[in-house]
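Novice: Residue numbers (the working numbering): 31 to 373.
Structure below; questions to follow.
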């Protein structure tokens, strides 16, 4: 695979060429914030962004998706599988790591056709962080730099971008890159320096233990720690922390019927373990009725349960939950640091 260097004018021309041939989902400014959405021209792309409001996972597992359509009268069923190719442009390293976790989740046990089809049709152009967001702690989680999980990686070094193609999908996009040259040794050395700096700099909140220590921390007496009740007393159970999280994947399935009850759609919709109804079952029993139980579950799910199941810490340090929480109680670093201090 190839490692090339380009200036910003070549980058813009390349993005415009890609838009002419592909569906390109890129990061764009939305007022003072940033969001992924369809690009119509290269000028809309903002690779200097700090963090997107919602993670790019929403294009792999949409907030609402139709699984099938049906008619009751003639008992007809039509599965709906979205298989249109697209390019995700400008994905930060921590979100690349999150997508890798989603890949593992949706391919385990009974593989999910809908997710896998979108993932196979996605080409990911990652971009190293240029601007630190106010609440990022990716350096603490080992996710500020990534070496796999993408098709192309862009790194801005001075007035140039290093364009690093790693897969056959990446090579397809590189075919439209005109005006590039082989990356110089000086520029590649600068990229290594930027990576080393990123492993230290993107930590607006500092975790007082290693990520791999979290499962043991949560296993050793933390379940009854008073912090769960103290923080949960302020919780609105709104689910904002989980709905902006790039590694949360829980969903509900519901049938939506037409007014005459003859036609309908089966839909999959994002759900949240922080909502009171999430753990409610037939007969009205609720496995996590109290707010502190739901609040605690989120941190155990991130720091222990997914590790026990798949060997990963399900927090990538993007900081979105910290920003989104109206009660300002969703900072994982504060919670885990308190447990470290009190153990």
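We put the CB at the ideal spot given by N, CA and C, even for glycine.
Quick caveat: nothing in here was measured; it's all calculated off a predicted structure.
Give the DSSP bridge partners of residue 211, in chain order.
Specialist: By one-based count along the chain shown, residue 211 stands at place 181. DSSP output for residue 211 lists 35 as bridge partner(s).
Novice: Pick helix, strand or coil for residue 87, following the three-state DSSP scheme.
Specialist: Your numbering for residue 87 matches position 57 in the chain shown. Correct three-state label for residue 87: helix.
Novice: Under a Cβ-count criterion, where at least 16 other Cβ atoms within 10 Å of its own Cβ denotes burial, should residue 63 be classed as buried or exposed?
Specialist: Translated into the one-based positions of the chain shown, residue 63 becomes position 33. Exposed, because fewer than 16 other Cβ atoms sit within 10 Å of the Cβ of residue 63.
Novice: Are residue 96 and residue 347 touching if we call contact CB-CB under 9 Å?
Specialist: Here residue 96 refers to the residue found at position 66 of the chain shown. Here residue 347 refers to the residue found at position 317 of the chain shown. No. Outside cutoff.
Novice: Measure the C-alpha to C-alpha separation of residue 317 and residue 309 and round it to an integer number of angstroms.
Specialist: Here residue 317 is taken as the residue at index 287 of the chain shown, counted from 1. Here residue 309 is taken as the residue at index 279 of the chain shown, counted from 1. The straight-line gap from Cα to Cα measures roughly 5 Å.
Novice: When the Cα atoms are used, what is the spatial distance from residue 219 to residue 191?
Specialist: In the chain shown, the residue the question calls residue 219 occupies position 189. In the chain shown, the residue the question calls residue 191 occupies position 161. Using only the alpha carbons, I get a separation of about 13 Å.
Novice: Return helix, strand or coil for residue 424, following the three-state DSSP convention.
Specialist: Past the edges of the chain, shown from 31 to 373, lies residue 424, and the structure says nothing about it.
Novice: Residue range of the beta strand (DSSP E) that residue 119 falls in?
Specialist: Working through the chain shown from its first residue, we reach residue 119 at position 89. 116-121 is the span of the beta strand (DSSP E), which, as asked, contains residue 119.
Novice: At which residues does the alpha helix (DSSP H) containing residue 156 begin and terminate?
Specialist: Within the chain shown, numbered from 1, the residue matching residue 156 stands at position 126. Element bounds for residue 156: not the alpha helix (DSSP H) but the beta strand (DSSP E), 152-157.
Novice: Short of 8 Å in beta carbon distance, which residues of its chain neighbour residue 11, apart from the five on each side in sequence? Order them along the chain.
Specialist: Because the chain spans 31 through 373 in this model, residue 11 falls outside it and cannot be assessed.
Novice: Along the beta strand (DSSP E) that carries residue 99, what are the first and last residues, could you check?
Specialist: Here residue 99 corresponds to residue number 69 of the chain shown, with the count starting at 1. Looking at the DSSP string, the run of the beta strand (DSSP E) that includes residue 99 is 94-101.
Novice: Return the bridge partner residues of residue 190 from the DSSP annotation.
Specialist: On the chain shown, residue 190 is found 160 positions in, with the first residue counted as 1. BP columns for residue 190 point to 37, 187.
Novice: Please report how far the alpha carbon of residue 327 lies from the alpha carbon of residue 303, in whole angstroms.
Specialist: Walking along the chain shown from the start, residue 327 turns up at place 297. Walking along the chain shown from the start, residue 303 turns up at place 273. For residue 327 and residue 303, the distance between alpha carbons rounds to 8 Å.
Novice: Based on the DSSP secondary-structure assignment, which residues constitute the bridge partners of residue 60?
Specialist: Locating residue 60 in the chain shown gives position 30, counting from the first residue. DSSP lists 63 as partners of residue 60.
Novice: Express the C-alpha separation of residue 70 and residue 178 in angstroms, rounding to a whole number.
Specialist: Sequence index remark: in the chain shown, residue 178 carries index 148 (1-based). Sequence index remark: in the chain shown, residue 70 carries index 40 (1-based). Computed Cα separation, rounded: 28 Å.
Novice: So who's on the other strand from residue 15, going by DSSP bridges?
Specialist: Residue 15 falls outside the range modelled here, since the chain spans only 31 to 373, and no answer is possible.
Novice: If you drop the 5 nearest sequence neighbours on each side, which residues of the same chain put their C-beta closer than 7 Å to that of residue 325?
Specialist: As a first step, residue 325 is located in the chain shown; it is residue number 295 there, counting from the start. The answer, listed in chain order, is 258, 261, 262, 265.
Novice: My parser needs the alpha helix (DSSP H) runs of 4 or more residues fully inside the segment 241-302; what are they?
Specialist: The segment 241-302 contains these whole alpha helix (DSSP H) runs: 244-249, 257-262, 270-273.
Novice: Is residue 165 buried or exposed, if buried means 16 or more other CB atoms sit within 10 Å of its CB?
Specialist: In the chain shown, residue 165 corresponds to position 135, counting from 1. The residue is buried, with at least 16 neighbouring Cβ atoms inside 10 Å.
Novice: Measuring alpha carbon to alpha carbon, tell me which residue in 31, 167, 75, 32 is nearest residue 43.
Specialist: The sequence position of residue 43 within the chain shown is 13, counting from 1. Closest option to residue 43, Cα to Cα, is 75.
Novice: What's the gap between the Cα of residue 196 and the Cα of residue 268?
Specialist: Taking the first residue of the chain shown as 1, we reach residue 196 at position 166. Taking the first residue of the chain shown as 1, we reach residue 268 at position 238. Those two C-alpha atoms are separated by around 40 Å.
Novice: Between residue 169 and residue 228, which are expected to be in contact by the criterion C-beta below 8 Å, what is the C-beta distance as a whole number of angstroms?
Specialist: Here residue 169 corresponds to residue number 139 of the chain shown, with the count starting at 1. Here residue 228 corresponds to residue number 198 of the chain shown, with the count starting at 1. At roughly 7 Å, the Cβ-Cβ gap stays under 8 Å, so residue 169 and residue 228 are in contact.
Novice: With a 10 Å radius around its C-beta and 16 neighbouring C-beta atoms as the bar for buried, classify residue 184 as buried or exposed.
Specialist: As a first step, residue 184 is located in the chain shown; it is residue number 154 there, counting from the start. It is buried - the Cβ of residue 184 has at least 16 other Cβ atoms within 10 Å.
Novice: Quick check: residue 278 and residue 366, are their CB atoms within less than 9 Å of each other?
Specialist: As a working mapping, residue 278 is identified with position 248 in the chain shown. As a working mapping, residue 366 is identified with position 336 in the chain shown. Going by C-beta atoms, residue 278 is not nearer than 9 Å to residue 366.
Novice: Look at the alpha carbon of residue 65 and the alpha carbon of residue 37, and state the distance between them as a whole number of angstroms.
Specialist: Position 35 of the chain shown, counting from 1, holds the residue named residue 65. Position 7 of the chain shown, counting from 1, holds the residue named residue 37. Approximately 24 Å between the Cα atoms of the pair.
Novice: Shortest alpha-carbon distance to residue 154 belongs to which of 57, 223, 247?
Specialist: By 1-based counting over the chain shown, the position of residue 154 is 124. Ranking the options by Cα distance to residue 154, first place goes to 57.
Novice: Consult DSSP for residue 367 and reduce its assignment to one of helix, strand or coil.
Specialist: Within the chain shown, the letter at position 337 stands for residue 367. Of the three classes helix, strand and coil, the one that applies to residue 367 here is helix, per DSSP.
Novice: When the Cβ atoms of the segment 101-113 are set against those of the segment 41-55, are three or more pairs found closer than 8 Å?
Specialist: Verdict: no, contact absent.
Novice: I need the boundaries of the alpha helix (DSSP H) containing residue 329, first residue and last residue.
Specialist: Along the chain shown, one-based indexing puts residue 329 at 299. That run of the alpha helix (DSSP H) goes 321-330.
Novice: Please work out which residues of its chain come closer than 8 Å, Cβ to Cβ, to residue 251, disregarding the five sequence neighbours upstream and downstream, and give them in chain order.
Specialist: As a working note, residue 251 is residue 221 in the chain shown. Answer for residue 251: 373, listed in chain order.
Novice: In whole angstroms, what separates the C-alpha of residue 320 from that of residue 306?
Specialist: Here residue 320 corresponds to residue number 290 of the chain shown, with the count starting at 1. Here residue 306 corresponds to residue number 276 of the chain shown, with the count starting at 1. Their backbone Cα atoms lie some 8 Å apart in a straight line.
Novice: What does the Cβ neighbour count give for residue 280, buried or exposed, with the cut at 16 atoms within 10 Å?
Specialist: In the chain shown, counting from the first residue as 1, residue 280 sits at position 250. So residue 280 counts as exposed.
Novice: Note down the Cα distance separating residue 235 from residue 162, rounded to an integer number of angstroms.
Specialist: Your numbering for residue 235 matches position 205 in the chain shown. Your numbering for residue 162 matches position 132 in the chain shown. Using only the alpha carbons, I get a separation of about 12 Å.
Novice: Ordered along the chain, which non-local residues of its own chain (more than five positions away) have a Cβ less than 6 Å from that of residue 125?
Specialist: Counting from one through the chain shown, the residue named residue 125 turns up at place 95. Here the set comprises 85, 86, 276.
Novice: Output needed for residue 337: all residues of its chain with C-beta closer than 8 Å, excluding positions within five of it in sequence on either side, in chain order.
Specialist: For the purposes of this step, residue 337 is taken as the residue at position 307 of the chain shown. Result list for residue 337: 244, 245, 343, 344, in chain order.
Novice: Measuring CB to CB, does residue 283 end up less than 9 Å from residue 35?
Specialist: For the purposes of this step, residue 283 is taken as the residue at position 253 of the chain shown. For the purposes of this step, residue 35 is taken as the residue at position 5 of the chain shown. For residue 283 and residue 35, no; Cβs fall outside 9 Å.
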